[in-house]
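Enquirer: Before anything else, here's the structure in question.
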Amino acid sequence: MKSKGKSTAIFIICTLAIILFAIVCFRGVEIGGWEVKSFNQTITKGLDLQGGVSVLLEITQPNVSHEDLEKTKDLIQLRVNKLGVAETVVTTEGSNRIRVDIPGKYDSEGIVKTLSQTGNLTFVGPDGKVILTGKDVEKASAVIDQQTNQPVVSLKFTSEGTQKFAEATKEFIGQKIAIKMDNETLTDPTVQSQIDNGEAVITGSGSIQAAQNLAGLINSGALPVPIKAVSQQTVGAQLGATALPNAVKAGIIGVGIVFLFMILYYRIPGLIASIALTFYVTLVLLAFVEIGVTLTLPGIAGLLLTIGMAVDANVLIFERTKEELARGVTVKSAIKRGYQNAMSSIVDSNMTTIIAALILYFFGSGSVKGFAITLMIGIIISLFTGLLVTKFLLDLAYDMGILKKLSAFRVKKEVKENA
Numbered sequence: 203m204k205s206k207g208k209s210t211a212i213f214i215i216c217t218l219a220i221i222l223f224a225i226v227c228f229r230g231v232e233i234g235g236w237e238v239k240s241f242n243q244t245i246t247k248g249l250d251l252q253g254g255v256s257v258l259l260e261i262t263q264p265n266v267s268h269e270d271l272e273k274t275k276d277l278i279q280l281r282v283n284k285l286g287v288a289e290t291v292v293t294t295e296g297s298n299r300i301r302v303d304i305p306g307k308y309d310s311e312g313i314v315k316t317l318s319q320t321g322n323l324t325f326v327g328p329d330g331k332v333i334l335t336g337k338d339v340e341k342a343s344a345v346i347d348q349q350t351n352q353p354v355v356s357l358k359f360t361s362e363g364t365q366k367f368a369e370a371t372k373e374f375i376g377q378k379i380a381i382k383m384d385n386e387t388l389t390d391p392t393v394q395s396q397i398d399n400g401e402a403v404i405t406g407s408g409s410i411q412a413a414q415n416l417a418g419l420i421n422s423g424a425l426p427v428p429i430k431a432v433s434q435q436t437v438g439a440q441l442g443a444t445a446l447p448n449a450v451k452a453g454i455i456g457v458g459i460v461f462l463f464m465i466l467y468y469r470i471p472g473l474i475a476s477i478a479l480t481f482y483v484t485l486v487l488l489a490f491v492e493i494g495v496t497l498t499l500p501g502i503a504g505l506l507l508t509i510g511m512a513v514d515a516n517v518l519i520f521e522r523t524k525e526e527l528a529r530g531v532t533v534k535s536a537i538k539r540g541y542q543n544a545m546s547s548i549v550d551s552n553m554t555t556i557i558a559a560l561i562l563y564f565f566g567s568g569s570v571k572g573f574a575i576t577l578m579i580g581i582i583i584s585l586f587t588g589l590l591v592t593k594f595l596l597d598l599a600y601d602m603g604i605l606k607k608l609s610a611f612r613v614k615k616e617v618k619e620n621a
C-alpha cells in the first residue's frame with residue numbers, strides 16, 4: 203500500500219508537471235513582472251510563415267577559398283543589420299553561394315543592390331573626415347588583454363597607415379575615431395594617446411567571438427570577392443500570415459487525432475503515451491527556441507513526422523507487450539520484455555532516418571536544411587521520451603495497480619499474476 207500510494211503521488215505530480223510545463227510554454231505566463239514568453243513569441247519563423255525576401259547570392263570568382271566565403275558572409279550579415287532587420291538568416295550553401303532570408307521586407311530589388319555592393323572600410327575622425335581606409339590596415343586580430351583579461355582587437359597598420367594614424371591620434375586625443383563599413387559604424391573607440399608605432403587596440407568587445415568577428419571584418423575590408431544575385435523570392439505578408447495559422451491548426455488536429463487513436467485503441471497505456479507525447483512536443487519546440495532553429499513550413503512537416511515516429515515507437519512497444527501477455531507472462535514482465543523486444547526495431551528505424559536527415563542537411567539547401575534539422579532534433583528527443591519517459595510512467599501506473607488487469611492492454615486471455 204505504501205508503494206502504491208507513493209507511485210500514485212509521483213504519477214500525479216509528473217502528469218501535472220508535464221501539463222503545466224506545456225501550458226506555460228505554449229501560452230506564456232507573467233508572474234510578478236517576470237515573464238515567460240510563449241513559443242509563438244520566441245520561435246524564429248521563416249519567410250513562408252511571416253513573409254519577406256529570400257536572396258541567393260553567388261560568388262562569380264572561380265576557386266573560392268573557405269576563408270573568403272566566410273568573410274563575405276560576415277560582411278553581408280553586417281549589411282543586412284544595416285537595413286534594421288531582425289531575425290535575419292544568412293547561411294552559406296555549397297562552396298560559392300550565400301543565402302539571405304530577410305523577414306518583413308518586400309523591396310527585393312533594393313535589398314539585392316545593397317547586398318551586392320563591394321563595401322568600403324574607413325576610419326573617420328570626429329570632424330567627419332576619412333583618416334584611413336581598409337587598405338591602410340595590414341592586419342587585425344582578436345586577443346585577450348593580459349592586464350584586463352578582456353577580449354580586444356589588435357590592429358597593425360601599413361607604413362603609410364602608421365603615419366596617417368599617428369597624425370590623427372595626436373590631433374584627436376580624448377575624442378572618438380569611428381571605424382565604419384559602408385557608413386555603418388562597427389566601433390568608435392576614444393583616443394587615449396598618440397599612437398605612432400603602427401599598432402592600436404580596440405576595447406569594448408563583449409566576447410572573444412565578437413572581437414574575432416570585428417577583426418575579420420576589418421581584415422576583409424571590402425567584399426573579398428565579386429558576387430551576384432542568382433535568384434530572389436518575395437513572400438507576401440498576407441501569404442505568410444495565412445500560412446502560420448493554417449499550419450498550427452493542421453498540427454493541432456493531426457496531434458489530436460493521434461492522441462484520440464492511442465487512447466481508444468490502447469486505453470490506459472495509450473493515455474500514458476499521450477502524456478509522454480505532450481512532453482515530447484513541448485521539449486522539441488523548446489529545443490528549437492534554445493538552438494535558434496528557424497521554423498518553416500517544411501520544418502513543421504518535419505516536426506509532425508517525428509511525432510508520427512514517436513507514436514510508432516509506442517505502438518511497437520505496446521504490441522510487443524501484448525504478445526508477451528498473450529504468452530502468459532506477468533504484466534510487469536510483459537512490459538519489460540515489450541521494451542526489450544521493440545528496442546532494436548525502434549533504434550534501427552530512427553538511426554536510418556537520422557542518416558537520411560544528415561544527408562539532406564549537408565547536401566540540401568534552404569528549406570531542405572530546415573526540414574532536416576527539425577527532423578533530427580525531433581528523433582533524438584523522441585528516443586528519450588519514448589524509451590525513458592513513457593517507460594517510467596508505465597512502471598508507475600503498474601505500481602498504482604491500474605495496469606495489472608489484461609483488459610488495460612486489450613488482451614482477452616486471462617493469466618495468473620504469478621505466472
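Residue numbering for the sequence shown is 203 to 621, as defined by our numbering. All C-beta atoms, glycine included, are put in the ideal place defined by N, C-alpha and C.
With distances taken Cα to Cα, identify the nearest neighbour of Leu595 among Pro471, Ser297, Val549 and Leu334.
Expert: Of Pro471, Ser297, Val549 and Leu334, the residue nearest in Cα terms is Pro471.
Enquirer: Note down the Cα distance separating Ser626 from Gly363, rounded to an integer number of angstroms.
Expert: The structure shown does not extend to residue 626, since the chain spans only 203 to 621, so no value can be given for it.
Enquirer: Just curious, the beta strand (DSSP E) that Pro500 is in, first and last residue?
Expert: Run containing Pro500: none in the beta strand (DSSP E); it sits in the alpha helix (DSSP H), Leu499 to Ala528.
Enquirer: Quick one, are the C-beta atoms of Tyr541 and Lys593 less than 7 Å apart?
Expert: Closer than 7 Å, so yes.
Enquirer: For Ile583 and Ile548, what's the separation of their Cα atoms in angstroms?
Expert: Looking at the two C-alpha atoms, the distance is approximately 13 Å.
Enquirer: Near Leu259, what residues of its chain come up, given a Cβ to Cβ distance below 6 Å and the 5 sequence neighbours on each side ignored?
Expert: Excluding sequence neighbours, Leu259 sits near Ile300, Ile429 and Ala431.
Enquirer: Return helix, strand or coil for Phe325, following the three-state DSSP convention.
Expert: Strand, per DSSP.
Enquirer: So the beta strand (DSSP E) Lys430 belongs to, where does it begin and stop?
Expert: Counting along the chain, the beta strand (DSSP E) containing Lys430 begins and ends at Ile429 to Val437.
Enquirer: By Cβ distance below 7 Å, which residues in the same chain neighbour Thr217 in space, the five residues on each side in sequence not counted?
Expert: So the qualifying residues of the chain are Ile477.
Enquirer: DSSP puts Asp303 in a beta bridge; with which residues?
Expert: Asp303 is bridged to Ser256 and Val291.
Enquirer: Taking C-beta to C-beta, are Gln377 and Pro328 nearer than 7 Å?
Expert: Going by C-beta atoms, Gln377 is nearer than 7 Å to Pro328.
Enquirer: Could you compute how far the alpha carbon of Leu488 sits from the alpha carbon of Ile575?
Expert: Approximately 14 Å between the Cα atoms of the pair.
Enquirer: If we ignore side chains and look at the alpha-carbon of each, how far apart do Val617 and Thr532 end up?
Expert: The pLDDT assigned to Val617 is 42, lower than 50, so where the model puts this residue is not dependable; a value taken from the coordinates is nonetheless given after this. Cα-Cα distance, rounded: 8 Å.
Enquirer: Let me know the secondary structure DSSP gives Phe213 once reduced to three states.
Expert: It is helical.
Enquirer: Per DSSP, Leu357 is paired with what?
Expert: According to DSSP, Leu357 bridges with Ala342 and Ala402.
Enquirer: Does the contact criterion of 3 or more C-beta pairs under 8 Å hold for the stretch 265–276 versus the stretch 459–467?
Expert: With the cut-off at 8 Å, the stretch 265–276 and the stretch 459–467 do not touch.
Enquirer: Figure out for me which residue from Thr405, Phe367 and Thr389 has the closest Cα to the Cα of Asn399.
Expert: The candidate whose alpha carbon is nearest that of Asn399 is Phe367.
Enquirer: Could you tell me if Asp526 is buried or exposed, where buried requires 16 or more neighbouring beta carbons within 10 angstroms of its beta carbon?
Expert: Residue 526 is actually Glu in this sequence, not Asp. So Glu526 ends up on the buried side.
Enquirer: What does the alpha-carbon distance come out to for the pair Gly572 and Thr498?
Expert: In a straight line, the C-alpha of Gly572 is about 7 Å away from that of Thr498.
Enquirer: So, using beta-carbon positions, are Val345 and Ser356 closer together than 7 Å?
Expert: In this structure, Ser356 lies closer than 7 Å to Val345 by Cβ.
Enquirer: Only counting the same chain, and skipping five residues up and downstream in sequence, which positions put a Cβ closer than 8 Å to that of Leu560?
Expert: Cβ neighbours of Leu560 beyond the five flanking positions: Ala574 and Met578.
Enquirer: Do you know whose CA, among Lys538, Val255, Ile245 and Gly494, lies nearest Gln434's CA?
Expert: The option with the nearest alpha carbon to Gln434 is Val255.
Enquirer: Out of Pro500, Ile474, Leu518 and Gly504, state which residue places its alpha-carbon closest to the alpha-carbon of Val486.
Expert: Answer by Cα proximity: Gly504.
Enquirer: What is the DSSP secondary structure of Thr532, reduced to helix, strand or coil?
Expert: Coil.
Enquirer: Are Ile278 and Thr290 touching if we call contact CB-CB under 7 Å?
Expert: No, these two residues do not count as a Cβ contact at 7 Å.
Enquirer: Going straight from the alpha carbon of Ile465 to that of Thr496, what length do you get?
Expert: Ile465 and Thr496: Cα-Cα distance of roughly 33 Å.
Enquirer: I'd like to check one pair, Gly456 with Leu507: are the Cβ atoms closer than 7 Å?
Expert: For Leu507 and Gly456, no; Cβs fall outside 7 Å.
Enquirer: Would you report the Cα separation of Gln252 and Asp276, rounded to the nearest angstrom?
Expert: Approximately 24 Å between the Cα atoms of the pair.
Enquirer: In whole angstroms, give me the CA-to-CA distance for Val287 and Val302.
Expert: Residue confidence is low: Val287 scores 49 on pLDDT, short of 50, so the model does not pin down where it sits. Its coordinate-derived value is still stated next. Going by the C-alpha atoms only, they are around 12 Å apart.
Enquirer: Since Val591 is in the alpha helix (DSSP H), which residue starts that stretch and which ends it?
Expert: Counting along the chain, Val591 falls outside any alpha helix (DSSP H), and DSSP gives it neither H nor E.
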